[in-house]
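Novice: First the structure, then my questions, so here it is.
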Amino acid sequence: MNSAGKSPFTKPVRSAKVKKPASGNNVGSVVYITKTGKKYHARSSCVQHPIKTTLSKAKNMGYTPCKKCCR
2 MNSAGKSPFT KPVRSAKVKK PASGNNVGSV VYITKTGKKY HARSSCVQHP IKTTLSKAKN
62 MGYTPCKKCC R
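Okay, so the sequence shown: first residue is 2 according to our numbering, each after it adds one.
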């Protein structure tokens, strides 16, 4: 033991692993919207003239998931 009461042979503590969010809740995920549409899309090929944004921004703007590409 040393003056702090700790042994120099103490094993280091391992930090906990950080879990990724569930696949349906990817807040920072990239999605695609259009200027005139109401849906967000997982694939840019699902829409003409796609605008890249994040899932959280699309949801905050009132967009809902496309039934074709967001399953």
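Idealized CB from N, CA, C, for every residue including glycine. It should be emphasised that the depicted structure is a prediction, and the values quoted were computed from it without experimental measurement.
1) Assign His-42 to buried or exposed, taking buried as 16 or more other Cβ atoms, counted over all protein chains shown, within 10 Å of its Cβ.
2) Within the continuous alpha helix (DSSP H) that includes Lys-60, where are the two ends?
3) In or out: Val-31 buried (at least 16 other Cβ within 10 Å) or exposed?
4) Return the CA-CA distance between Met-37 and Gln-49, expressed in angstroms with no decimal places.
5) Could you pull out every residue in the same chain whose Cβ sits closer than 7 Å to the Cβ of Lys-39, ignoring the five residues on either side in sequence?
6) Nearest-angstrom Cα distance between Pro-51 and Thr-35?
Specialist: From the atom records:
1) By the neighbour-count definition (other C-beta atoms within 10 Å, threshold 16), His-42 is a buried residue.
2) For Lys-60, the enclosing alpha helix (DSSP H) stretches over residues 56-61.
3) Under this definition Val-31 is an exposed residue.
4) With the sequence shown as reference, residue 37 is identified as Thr, and Met is not the correct amino acid for it. Taking the straight line from one Cα to the other gives about 11 Å.
5) Contacts found: Tyr-64, Thr-65.
6) Pro-51 and Thr-35 have their C-alpha atoms spaced approximately 5 Å apart.
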